[in-house]
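First up is the structure itself, then whatever we jot down about it.
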Amino acid sequence: MTGAENSQPRLRRLTLGALVLALVTVGLLFSTISWDRLAFHPSFNSLFNRLRLPPSATTDSPGMPTPVKKSAAVIFSHGLGDTSAGWSFLAQQLGSRMPWVNWVFPDAPIQPVSLNMGARMPSWFDILSLRPDAPEDEKGLLESVKTIQALVNKQIQAGIPSERIVVGGFSQGGAISILTGLMCPSPLAGVVSLSGFLTLKEKIKELQGPHVSSLHVFWGHGTHDPVVQYQWGSKSVDFLKEELGMKNVTFKSYPDLVHSASPLELRDFAEWLMTRIPSQ
Numbered sequence: 027m028t029g030a031e032n033s034q035p036r037l038r039r040l041t042l043g044a045l046v047l048a049l050v051t052v053g054l055l056f057s058t059i060s061w062d063r064l065a066f067h068p069s070f071n072s073l074f075n076r077l078r079l080p081p082s083a084t085t086d087s088p089g090m091p092t093p094v095k096k097s098a099a100v101i102f103s104h105g106l107g108d109t110s111a112g113w114s115f116l117a118q119q120l121g122s123r124m125p126w127v128n129w130v131f132p133d134a135p136i137q138p139v140s141l142n143m144g145a146r147m148p149s150w151f152d153i154l155s156l157r158p159d160a161p162e163d164e165k166g167l168l169e170s171v172k173t174i175q176a177l178v179n180k181q182i183q184a185g186i187p188s189e190r191i192v193v194g195g196f197s198q199g200g201a202i203s204i205l206t207g208l209m210c211p212s213p214l215a216g217v218v219s220l221s222g223f224l225t226l227k228e229k230i231k232e233l234q235g236p237h238v239s240s241l242h243v244f245w246g247h248g249t250h251d252p253v254v255q256y257q258w259g260s261k262s263v264d265f266l267k268e269e270l271g272m273k274n275v276t277f278k279s280y281p282d283l284v285h286s287a288s289p290l291e292l293r294d295f296a297e298w299l300m301t302r303i304p305s306q
């Protein structure tokens, strides 16, 4: 769970219009799986190298880094159909610049996903539709919240204060991270949602924990996202601010970005992270 821790539909006598719709839907569904896997960009490394972060850990002798105590943690969850390995590069890229951070990359359970015609794949909860008003898998959502909360508790037991723990994720992982942050009984350093969405809006007020009003959130979303549409993300942020009274929400839009994470978005995330869990 930590570190680097990973159909065909039966068509029956459809009208021409229904067949076209089915084919378009199939294309979108299979794209959903692939788009939840991050695509690297050639300029990614150079952007990270320009981060306004402190230099790497000091050394007692050439090539021998001085051990740094882990005083903060980031729990980052992947998207639908992906694994923990898909995001472990964050630890590789930021580990030397933020050596005090313990990175945790959990793996979602393998389960059928209704959106993808019942195909089994890594998924934090079942998704029935890409519509914001679609029925939700409340049981699956709450089970995954328990999973992430258990990881938070494990970091606390290891000596890291909850105020220095960030939970975050991409797409489906972002959705479960937002819900975890809202329900967490302990104050967190913050929550990150990249191309994510808010779930259980009708029940969140009765489910929310005691620290929602002070919770810090970084939310990044591409304006051309065809899977979790930009409006879905922006309306989710509006709900956090207007309905839950959250005043520490940073929402950043990325022009022309589809359902992925751009180098600029990741740099913004890293700089926000530095403000929330700086070196001690």
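Quick note: the sequence shown uses this note's numbering, first residue 27, plus one each step.
Even for Gly, the Cβ is constructed at its ideal location relative to N, Cα and C.
- Between the region 112–121 and the region 202–221 there are fewer than three C-beta pairs closer than 8 Å, too few to call the two in contact.
- Taking a contact as a CB-CB distance under 8 Å, the pair Asp251 and Val284 counts as one, their CB atoms being some 6 Å apart.
- As the crow flies, the alpha-carbon of Ser149 is around 6 Å from that of Gly107.
- Burial state of Arg146 is exposed, judged by a 10 Å Cβ sphere holding fewer than 16 other Cβ atoms.
- Annotation for Gln175: Thr206 and Cys210 place their beta carbon closer than 7 Å to its own, counting only its chain and skipping 5 residues before and after.
- In the structure shown, the three-state DSSP call for Val94 is coil.
- Contact between the region 153–161 and the region 180–187 is not established, with fewer than three Cβ pairs separated by less than 8 Å.
- Taking the Cα positions, Thr225 is about 10 Å away from Gln198.
- Contact annotation: Ser97 and Gln306 have beta-carbon atoms nearer than 8 Å.
- The three-state secondary structure of Ser219, taken from DSSP, is strand.
- For the region 210–270, the continuous beta strand (DSSP E) assignments of 3+ residues that do not extend past its boundaries occur at 216–220 and 243–248, in sequence order.
- Distance between Arg293 and Ser240, taken at the CA atoms: about 24 Å.
- Annotated three-state conformation of Ser279 is strand, per DSSP.
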